[in-house]
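J.: Below is the structure I would like to discuss, written out as structure tokens.
Number of protein chains: 2
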Amino acid sequence: MDLCSKHKKNLIEEAGLYFEKRHNLPPLSARVYGIMVLSSLEGYTFEELMEITQASKSSVSTSLNLLQQLKFVEYYTKPGERKRYFRSSGSFIQNMLKEQYGTIKADLELTEKINDFNKKNNPENYRKKGYLGSIFHVFLEQEKKNIEQTLERIKDFKEQN
Amino acid sequence: MDLCSKHKKNLIEEAGLYFEKRHNLPPLSARVYGIMVLSSLEGYTFEELMEITQASKSSVSTSLNLLQQLKFVEYYTKPGERKRYFRSSGSFIQNMLKEQYGTIKADLELTEKINDFNKKNNPENYRKKGYLGSIFHVFLEQEKKNIEQTLERIKDFKEQN
DNA sequence: TGATCAGTTCGGTTTGTTCCGAACCAACTA
DNA sequence: TAGTTGGTTCGGAACAAACCGAACTGATCA
């Protein structure tokens with residue numbers, strides 16, 4: 153039995169490649185997550201994932217554990233069955249944006265440190281090159297809030313719908 | 153001669169580690185970029201970078217080429233000299249945000265494709281799980297603009313100051 | 001109790017990345 | 001033209017990441 157249409161396979165490949173490059177997941181994890189986001193809420197079993205990816209038991213296990221740790225994937229069980237059904241947890245875009253937001257936040261924090269240093273040690277740099285001191289600092293604070301709010305709105309939006 | 157104070161060395165290490173993890177640069181490239189963002193507009197020569205990083209000629213060359221390709225670093229020359237002086241191009245935070253923005257944009261594009269697919273193939277998923285159809289789509293469009301504007305504002309701010 | 005099922009853990013192989021030294025090139029200098 | 005300076009390119013060593021098979025665990029079932 154074919155678990156996957158041709159078109160779906162192509163999309164999985166595209167999404168997988170994408171997660172690998174941009175969000176640097178290991179190749180197999182990336183493809184597994186690709187499968188999840190393109191699948192119904194039903195999800196897939198361990199076996200089916202082996203079948204689709206043509207990967208080994210241990211590799212699939214490791215990949216699923218990583219994805220669960222990242223909160224990208226979750227599983228549920230059907231009463232009476234021991235098998236787990238794996239599916240994407242939350243929406244794909246929310247997971248991705250949350251990650252990006254974390255990075256941006258960390259960027260801004262590092263920026264503060266760097267600005268402080270340059271203010272003291274490379275004042276000419278600090279002025280001319282865009283390390284614009286307290287005004288810029290305030291400005292960035294504002295943008296930081298802006299970005300935070302975007303994520304909040306997405307969260308709220310989803311909860312209300 | 154010591155090209156680098158103790159305090160600066162620590163910051164370089166911290167920044168380097170950060171670029172390595174979050175923006176996945178190779179270790180040496182990450183440290184070199186750390187040096188750049190913590191240095192005056194004067195920049196450093198190839199030799200000085202070898203001295204500070206204790207790395208080989210070829211490694212420094214490769215690193216600088218990567219950083220230039222990413223537009224993180226640029227060089228200038230002094231009239232009459234053949235030597236290049238390397239320095240961070242643009243402000244660090246701008247470079248970082250630009251990168252993040254690119255990722256978010258790509259995320260949103262992939263989201264559209266995935267939503268389209270799920271709409272057709274996993275309609276129940278599409279409804280229940282946050283793939284909320286055209287409303288969500290419109291909503292995301294708006295957020296996309298929001299994020300774009302943040303970057304624009306940073307750019308404008310810097311140009312005006 | 002033994003057998004089976006669902007998944008994990010552990011070494012080892014394969015694959016890929018990062019860095020190095022040595023040879024090289026291109027521009028200038030004596 | 002030969003030598004020096006500033007930097008690049010190439011092949012390989014050292015290390016790390018990704019995946020595999022085989023042995024294992026822990027739960028259920030006959």
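Protein chains in written order, with our numbering: chain A, 153 to 313; chain B, 153 to 313. C-beta atoms are modelled at their ideal positions from N, C-alpha and C, and glycine is treated no differently.
1. Got a sec: is the Cβ-Cβ distance from residue 259 (chain A) to anything in chain B below 8 Å?
2. Run through chain B and tell me which residues come within less than 7 Å of residue 189 (chain A), C-beta to C-beta.
3. For residue 301 (chain A), count the other beta carbons within 10 Å of its own beta carbon; 16 or more makes it buried, fewer makes it exposed. Which is it?
4. Once the 5 residues before and after residue 170 (chain A) are set aside, which same chain residues still bring their CB inside 6 Å of it?
5. Give the single residue among B:225, B:191, B:204 whose Cα lies nearest to the Cα of residue 268 (chain A).
6. I'd like the ranges of any alpha helix (DSSP H) spanning at least 4 consecutive residues and lying wholly in the stretch 195-254 of chain B.
7. Does DSSP put residue 157 (chain B) in a helix, a strand or coil?
8. Contact between the stretch 207-225 of chain B and the stretch 168-185 of chain B is defined here as three or more beta-carbon pairs at a separation below 8 Å; is this criterion met?
9. Could you tell me whether any Cβ in chain A is nearer than 8 Å to the Cβ of residue 180 (chain B)?
10. Can you check whether the CB of residue 234 (chain A) is closer than 8 Å to the CB of residue 198 (chain A)?
11. So for residue 191 (chain A), helix, strand or coil by DSSP?
12. With a threshold of 8 Å between beta carbons, is residue 148 (chain A) in contact with chain B?
13. Take every Cβ of the stretch 254-272 of chain B, pair it with every Cβ of the stretch 211-218 of chain B, and state whether three or more of those distances are shorter than 8 Å.
14. How many angstroms separate the CA atom of residue 182 (chain B) from the CA atom of residue 164 (chain B)?
15. Note down the Cα distance separating residue 245 (chain A) from residue 265 (chain A), rounded to an integer number of angstroms.
16. What number of angstroms, rounded off, separates the C-alpha of residue 180 (chain B) from the C-alpha of residue 203 (chain B)?
17. Measuring straight from C-alpha to C-alpha, what distance separates residue 185 (chain B) and residue 304 (chain B)?
18. Under a CB-based cut-off of 8 Å, is residue 127 (chain A) close to chain B?
19. Assuming residue 193 (chain A) and residue 276 (chain B) make a contact with CB atoms under 8 Å, what is their CB distance in whole Å?
20. Roughly how many angstroms lie between the CA atoms of residue 187 (chain A) and residue 254 (chain B), to the nearest whole one?
21. List, in order along the chain, the chain B residues whose C-beta lies closer than 8 Å to that of residue 252 (chain A)?
22. Below 8 Å CB to CB, which residues in the same chain sit around residue 229 (chain B) once its five sequence neighbours on both sides are set aside?
23. How about residue 240 (chain A) and residue 189 (chain A): are their beta carbons less than 8 Å apart?
24. Are any of the Cβ atoms in chain A nearer than 8 Å to that of residue 204 (chain B)?
25. How about residue 237 (chain A): is its C-beta nearer than 8 Å to some C-beta of chain B?
26. Using a threshold of 8 Å, state whether the C-beta atoms of residue 175 (chain A) and residue 251 (chain A) are closer than that.
27. Please classify residue 208 (chain A): is it buried, with 16 or more other beta-carbons within 10 angstroms of its beta-carbon, or exposed?
T.: Here's the rundown:
1. At a cut-off of 8 Å between beta-carbon atoms, residue 259 (chain A) makes contact with chain B.
2. Simply 266.
3. By the C-beta density criterion, residue 301 (chain A) is exposed, having fewer than 16 other C-beta atoms within 10 angstroms.
4. Here residue 170 (chain A) has no same chain residue with a Cβ atom under 6 Å from its own Cβ, once five neighbours each way along the sequence are excluded.
5. Comparing Cα-Cα distances from residue 268 (chain A) to each of B:225, B:191, B:204, the minimum goes to B:191.
6. As far as the stretch 195-254 of chain B is concerned, its whole alpha helix (DSSP H) runs of at least 4 residues are 198-205, 209-221.
7. In the structure shown, residue 157 (chain B) sits in coil (DSSP, three-state: anything other than H, G, I, E or B).
8. Segments in contact, yes.
9. Not a single CB atom of chain A sits nearer than 8 Å to the CB of residue 180 (chain B).
10. Between residue 198 (chain A) and residue 234 (chain A), the C-beta gap is not smaller than 8 Å, which leaves the two residues out of contact.
11. The DSSP-derived three-state label of residue 191 (chain A) is coil.
12. In this structure chain A extends from 153 to 313, so residue 148 (chain A) is not present and cannot be described.
13. Counting Cβ pairs under 8 Å, fewer than three are found: no touch.
14. Each residue's Cα considered, the two are about 9 Å apart.
15. Counting only the Cα atoms, residue 265 (chain A) lies some 31 Å from residue 245 (chain A).
16. Take the alpha-carbon of residue 180 (chain B) and the one of residue 203 (chain B): they are about 13 Å apart.
17. Linking residue 185 (chain B) to residue 304 (chain B) through their CA atoms gives a straight-line distance of about 24 Å.
18. Past the edges of chain A, shown from 153 to 313, lies residue 127 (chain A), and the structure says nothing about it.
19. Going by Cβ atoms, the distance from residue 193 (chain A) to residue 276 (chain B) rounds to 6 Å, so yes, they are a contact pair.
20. Rounded to whole angstroms, residue 187 (chain A) to residue 254 (chain B) spans 24 Å at the Cα level.
21. Those within 8 Å of residue 252 (chain A) in chain B are 252, 255, 256, 259.
22. Counting only Cβ-Cβ distances below 8 Å, and skipping sequence neighbours, we find 235, 236, 237.
23. Contact annotation: residue 240 (chain A) and residue 189 (chain A) have beta-carbon atoms nearer than 8 Å.
24. No, because no Cβ of chain A sits closer than 8 Å to the Cβ of residue 204 (chain B).
25. No, no contact with chain B.
26. The criterion of a C-beta distance shorter than 8 Å is satisfied by residue 175 (chain A) and residue 251 (chain A).
27. Residue 208 (chain A) is exposed by the Cβ-count criterion.
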